[in-house]
Structure formats: structure tokens, C-alpha cells
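So the sequence shown is numbered by my numbering: it starts at 56 and just counts up by one.
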Amino acid sequence: MELPIAHLGLMLVAVATAFVSVVWSPKTGVIIAVGFAALFAVALAVALLSGRRGWGAARAAYKFTFGWADWITP
Numbered sequence: 056m057e058l059p060i061a062h063l064g065l066m067l068v069a070v071a072t073a074f075v076s077v078v079w080s081p082k083t084g085v086i087i088a089v090g091f092a093a094l095f096a097v098a099l100a101v102a103l104l105s106g107r108r109g110w111g112a113a114r115a116a117y118k119f120t121f122g123w124a125d126w127i128t129p
């Protein structure tokens, strides 16, 4: 997947987190944000353990965490 698709996924997560924080409660928005941050941390750890280093590991974790937006784009 491409990096712009992952950017779209990050934007959608940010908008959904803000929406949930306003509509339900800020605590629920924080839970969503922390969940995605934890997923990114695990993906980064896996990328580092698989031998990637530096920006390559961060980019792989970023694409894994937010690349799901590829499923919703035509």
C-alpha cells in the first residue's frame, strides 16, 4: 500500500476519535487513540525485531497501523 493511503487512515482515526469524544465522552476517545497507539507500538516492535531499522521500521509500522484505509478507497 502507498503512504498517502496510510495518511488517510490516520486522518479518519483522528476524525473518528474527535467525533466519539464529542458525542459520547472524552474517555472513549482516549481509549480509541490509545488503542491505535498501542497497535503502532506493537507493529514497530515487530518491524524492529524483523531487522528493519530507523525510518524503515517506522514507515512499516505506520503503513500496517493505518493502511486499512485501502479497503475503503475505490
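The C-beta atom is built at its ideal place from N, Cα and C for all residues, glycine as well.
Taking residue 114 as the centre and dropping the five residues before and after it, the same chain places the C-beta of 58 closer than 8 Å to its C-beta, in chain order.
If you draw a straight line from the Cα of residue 122 to the Cα of residue 63, it is about 8 Å long.
One alpha carbon belongs to residue 60, the other to residue 76, and they sit about 24 Å apart.
As the crow flies, the alpha-carbon of residue 74 is around 8 Å from that of residue 84. In this structure, the alpha-carbon of residue 106 lies about 36 Å from that of residue 82.
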